[in-house]
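Numbering-wise (the numbering used here), the sequence shown opens with residue 1 and increments by one. Backbone N, C-alpha and C define an ideal beta-carbon position, used for all residues, glycine too.
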Amino acid sequence: MKSAQFLLIPFSFLLALPAWAKFSYEQFPAVPKKGVYTDSIIGSPVTFVPFLATDTISNELAGQFYLPLLAIDPGTWELMPALATGVKVSKDKKEYAFELNPKARWSDQTPVTSDDIEFTFQKIMDPKTNAAVVRGALEGFTFRKIDPARFVFRIENPRYNSLLQIGDFVPVQKKQFQNEADINTSKEGMKPVGNSAYLLKSHSRDQMITLERNKTWWGVDLPWFRPTANFDTVVYRIIPDGALRYEKLIQGQLDSAPLNSEQYVNQVKGVDRDKFGTSPDSGKKVWADAFRTSRPLSWAGIAMNLAHPLLASKKTREALALLVDYDEVILKGFMGTASRCVSPFGTSSKLVSKELKDPARWRKFDPKTARKLLLEDGFVQEPGNPFFVKTVNGKKIPARFTFRFAGALPAQSRTAQILKESFRKNGVDLELRALEGSALFQDLERKEFDLALMGWSGGDVRPDPKQLWHSSSSKGGSNFTGYANPKVDALIEKANLEFNHPKREAILREIGDLLNQDLPYVFLFERDFVLAAIHSRIKSPRWIQPYGTYLAKELFYE
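If you want it as structure tokens, here you go:
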């Protein structure tokens, strides 16, 4: 079979980089590489294998050990070299030819080869491997090896983000895992033979993880390396309790820590304001701020199980949405450190329609209309019963819903209480069920819930709505509500085949409008900033990248 003709275009030109700077990292100063940086995580990682790392902790740490084929510049959202020196894309966008950096080495000093890429791809695509999310992203791709350094990924039906998805491919070493009977449970998963700047020095479960910089790392000339991986040692202290993390930061035992709404408002800006500066030059040991980004970092809403006999009705869902006091949730639940959300694509972004951006069109707390809708939808209030009841298939069902939320998060607990009170006053009973994060997620995966307060990351700058909103994602995806709208499915499929960004943005706006109307979630709030505190001995020319999600990794000691 004749292969497609590749565009022989220089890598930088192919990726349409701005003329004034190849990568945002080139604007950062070169800094000394030294010292110990102490961070914290809320629990122990489950695995360091990148494609098995579905939880946030495992994913973050795997990223310290393994590189993708191509990295994304968090300052520009452009691709840049990592394990691969570049990529050549066929004219029909069906083939992506990569060439590995000849210097690329695993931490045991053996070269990274096409065999490693092929082995990893085969493992990911094996249904027995617990890598459903990654496998979904690589759906439709095939692999062809050319030689030890060159290979091609092919997709018959290219999508708008095919290059981003295949560029984000993260391999593991074939030699390490090829004789493991089950990679899902292999003990090798906690012994990373990586290819990035850090090595695992020690791991004391539920206590501490220590990384050390690989001083002979092959990637010192990569464009993003110069201002990153600056510390000789990175220590992750495992501290599940947010209050304890806060105290450790003030005591100088942590160099930075995320803050929740209550800590930022009541402590940093309240009772402990004399302990915190507003910049590293304030003369205080620690300082804190709300670090703004160029995209929403997260959004949250009330997920509704559409298989529930009462929630299957759109009119009932609309009534429940009108029983939410949105202002009170933001002001009291999240201490004013969030803004209203009406779309999963970022309310202020160009991915939201002009009509949906208009606050005059947003749902508001309206108990009178909510009760009217419930009555229209067949609910009644019987004498002596404060809660509505509806007869479905000859059976009386009370307007009573379990409401699951992450009990360890104070803002979620406050929000749950606010919702319970406003619902109760208007004939709907919420039974609150505070859960540990993983238990909450498992209940949603199994669809064993009525209502749940669920938060999601803001996603890609150019998001793919399939994983959360396409009907096919209700099995093996993140469509926990069971949402199915054929028009939305068709629009998602159309959007994912549209390479023209303005045209694709218009499709996403239409999807957002339909989601807002259909209410698989009641969209509540979003954030476009990170709340964090930092020890003043840490320096940086920029504290968060425009498209970053955490404090930037361009941190260093003075």
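With DSSP as the reference, label residue i as helix, strand or coil.
{"i": "His308", "result": "coil"}
{"i": "Phe387", "result": "coil"}
{"i": "Ser313", "result": "coil"}
{"i": "Thr56", "result": "helix"}
{"i": "Phe556", "result": "strand"}
{"i": "Ala506", "result": "helix"}
{"i": "Lys357", "result": "helix"}
{"i": "Gln5", "result": "Annotation note: pLDDT 34 at Gln5 (below 50); position unreliable, coordinate value reported separately. In the structure shown, Gln5 sits in coil (DSSP, three-state: anything other than H, G, I, E or B)."}
{"i": "Thr369", "result": "helix"}
{"i": "Ile183", "result": "coil"}
{"i": "Val31", "result": "coil"}
{"i": "Ile42", "result": "coil"}
{"i": "Pro486", "result": "helix"}
{"i": "Thr142", "result": "strand"}
{"i": "Val134", "result": "helix"}
{"i": "Arg363", "result": "coil"}
{"i": "Ser256", "result": "strand"}
{"i": "Arg292", "result": "strand"}
{"i": "Tyr550", "result": "coil"}
{"i": "Tyr246", "result": "helix"}
Leaving out the 5 sequence neighbours to the left and right, which residues in its chain are closer than 6 Å to residue i when beta-carbon positions are compared?
{"i": "Leu67", "result": "Ala82, Leu83, Asn195, Ser196"}
{"i": "Trp217", "result": "Ala197"}
{"i": "Ser422", "result": "Leu323, Asp325"}
{"i": "Pro192", "result": "Phe48, Phe65, Leu200"}
{"i": "Ser114", "result": "Lys145, Pro148, Phe151"}
{"i": "Gly476", "result": "Ala132"}
{"i": "Phe28", "result": "Pro227, Pro541, Glu554"}
{"i": "Met208", "result": "Arg237"}
{"i": "Tyr246", "result": "Gln263"}
Quick one: what's residue i bridged to in DSSP?
{"i": "Trp622", "result": "Outside the shown range of the chain, which is 1 to 558, sits residue 622, and nothing can be said about it."}
{"i": "Tyr37", "result": "Val234"}
{"i": "Val286", "result": "Phe276, His535"}
{"i": "Arg105", "result": "Pro111"}
{"i": "Phe98", "result": "Val87, Phe151"}
{"i": "Ile209", "result": "His203, Tyr236"}
{"i": "Lys396", "result": "Thr391"}
{"i": "Thr129", "result": "Answer is none; Thr129 lacks a bridge partner."}
{"i": "Glu526", "result": "Trp299, Ser339"}
{"i": "Phe405", "result": "Ala434"}
{"i": "Asp429", "result": "Arg400"}
{"i": "Leu451", "result": "Met304, Phe403"}
{"i": "Ala576", "result": "Past the edges of the chain, shown from 1 to 558, lies residue 576, and the structure says nothing about it."}
{"i": "Val380", "result": "Val389"}
{"i": "Tyr521", "result": "Ala303"}
Would you kindly check if the distance between the Cβ of residue j and the Cβ of residue i is under 8 Å?
{"i": "Lys94", "j": "Glu156", "result": "yes"}
{"i": "Asn516", "j": "Val342", "result": "yes"}
{"i": "Pro296", "j": "Leu468", "result": "no"}
{"i": "Asp450", "j": "Leu254", "result": "no"}
{"i": "Gly378", "j": "Ala399", "result": "no"}
{"i": "Phe403", "j": "Arg424", "result": "no"}
{"i": "Ile117", "j": "Leu138", "result": "no"}
{"i": "Ala300", "j": "Leu508", "result": "no"}
{"i": "Val87", "j": "Leu100", "result": "no"}
{"i": "Ile330", "j": "Leu453", "result": "no"}
{"i": "Thr347", "j": "Glu526", "result": "yes"}
{"i": "Thr120", "j": "Pro158", "result": "no"}
{"i": "Val265", "j": "Thr316", "result": "no"}
{"i": "Thr549", "j": "Ser457", "result": "yes"}
{"i": "Leu351", "j": "Gly512", "result": "yes"}
{"i": "Gly455", "j": "Ser298", "result": "yes"}
{"i": "Lys364", "j": "Asp232", "result": "no"}
With 16 as the cutoff for other CB atoms within 10 Å, does residue i come out buried or exposed?
{"i": "Phe401", "result": "buried"}
{"i": "Asn260", "result": "buried"}
{"i": "Asp518", "result": "buried"}
{"i": "Ala490", "result": "exposed"}
{"i": "Pro383", "result": "exposed"}
{"i": "Arg567", "result": "Outside the shown range of the chain (1 to 558) lies residue 567, about which nothing can therefore be said."}
{"i": "Val234", "result": "buried"}
{"i": "Gln545", "result": "buried"}
I'd like the list of long-range same chain contacts for residue i, defined as Cβ closer than 7 Å, with 5 residues on each side in sequence excluded.
{"i": "Arg205", "result": "Ser44"}
Residues in its own chain within less than 8 Å of residue i by CB, not counting five upstream and five downstream?
{"i": "Leu435", "result": "Arg404, Phe405, Ala406, Gly407, Asp443"}
{"i": "Pro223", "result": "Lys22, Phe23, Tyr25, Glu26, Met80, Pro81"}
So is residue i in contact with chain C if we call contact Cβ pairs under 8 Å?
{"i": "Gln263", "result": "Chain labels in this structure do not include chain C; a single protein chain is all it has."}
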